[in-house]
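For the sequence shown, the working numbering gives the first residue as 4, with consecutive numbering after it.
This report refers to the structure that appears directly beneath it.
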Amino acid sequence: MLDIREINELIDKINESKLTEFRYETENLNLVIKKEKAEATQVENTLPQKMIPQVAVNTILASEQNTTTVSAQDEKQGHIVKSPIVGTYYAAANAKAEAFVKVGDKVKKGDVLCIIEAMKLMNEIESEVTGEIVDILVKNAQMVEYGQPLFVVKE
């Protein structure tokens, strides 16, 4: 069991790193530390609901606060999903797997749209809205920048 000193040390280490989220789960503890846009750290301590197998995948909600230029036509077509991190865009979980989404697919809020690999960590990018994929603005295995538009979703 972690004590408050160890939790504070974890917070300090995460603040110094480029991590945006840290999760630690045991039978008696579920600890989630997230960095917000202003480098604030949020700590949640809840009782476990059920044991979930750990997978080396981070889930990131594509952020609307990112700034980048998007054509007026894309904005009229729907919601722009932007990259919340710098990394490599992947349309599928692996080379043999089917793409998470294609143009014309219906998606719900929270559905995985793609993976962005950053520092050898696979980060799932989820849809913030329910709608239809109108356009995919990047190619598989392409480097993407923070705030770069990835998808257009018609709500």
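Cβ coordinates follow ideal geometry from the N, Cα and C atoms, glycine included.
Count the other CB atoms within 10 Å of the CB of residue i; is the residue buried (16 or more) or exposed (fewer)?
i	result
Gly113	exposed
Ser86	buried
Val7	The residue asked about is misnamed: residue 7 is Ile in this sequence, not Val. It counts as exposed.
Ser130	buried
Tyr27	exposed
Specify the secondary structure class of residue i as computed by DSSP and reduced to three states.
i	result
Leu13	helix
Asn18	helix
Glu67	Residue confidence is low: Glu67 scores 41 on pLDDT, short of 50, so the model does not pin down where it sits. Its coordinate-derived value is still stated next. Three-state DSSP puts Glu67 in coil, outside helix and strand.
Ile7	helix
Asn159	An answer regarding residue 159 cannot be provided, because it is not within the stretch 4 to 158 covered by the chain.
Asn142	Here the sequence assigns Lys to residue 142, which means Asn is not the residue at that position. Coil at Lys142, not helix or strand.
Measure how close the beta-carbons of residue i and residue j come, nearest whole angstrom, since I'm counting them as under 8 Å.
i	j	result
Ile119	Asn126	5 Å
Closer than 7 Å by C-beta to residue i: which residues in its own chain qualify, once you throw out the five before and the five after it? Chain order, please.
i	result
Ala121	Ile88, Val89, Gly90
Between which two residues does the beta strand (DSSP E) harbouring residue i extend?
i	result
Lys85	82-85
Asp108	Note, Asp108: premise wrong, no beta strand (DSSP E); not H, not E.
Quick one: does residue i have its CB under 8 Å from some CB of chain D?
i	result
Ile139	Looking at the structure shown, chain D is missing, and only one protein chain is on hand.
Excluding the 5 residues flanking residue i on each side, which residues of the same chain have their C-beta closer than 8 Å to its C-beta?
i	result
Glu158	Gly81, His82, Val132, Thr133, Gly134
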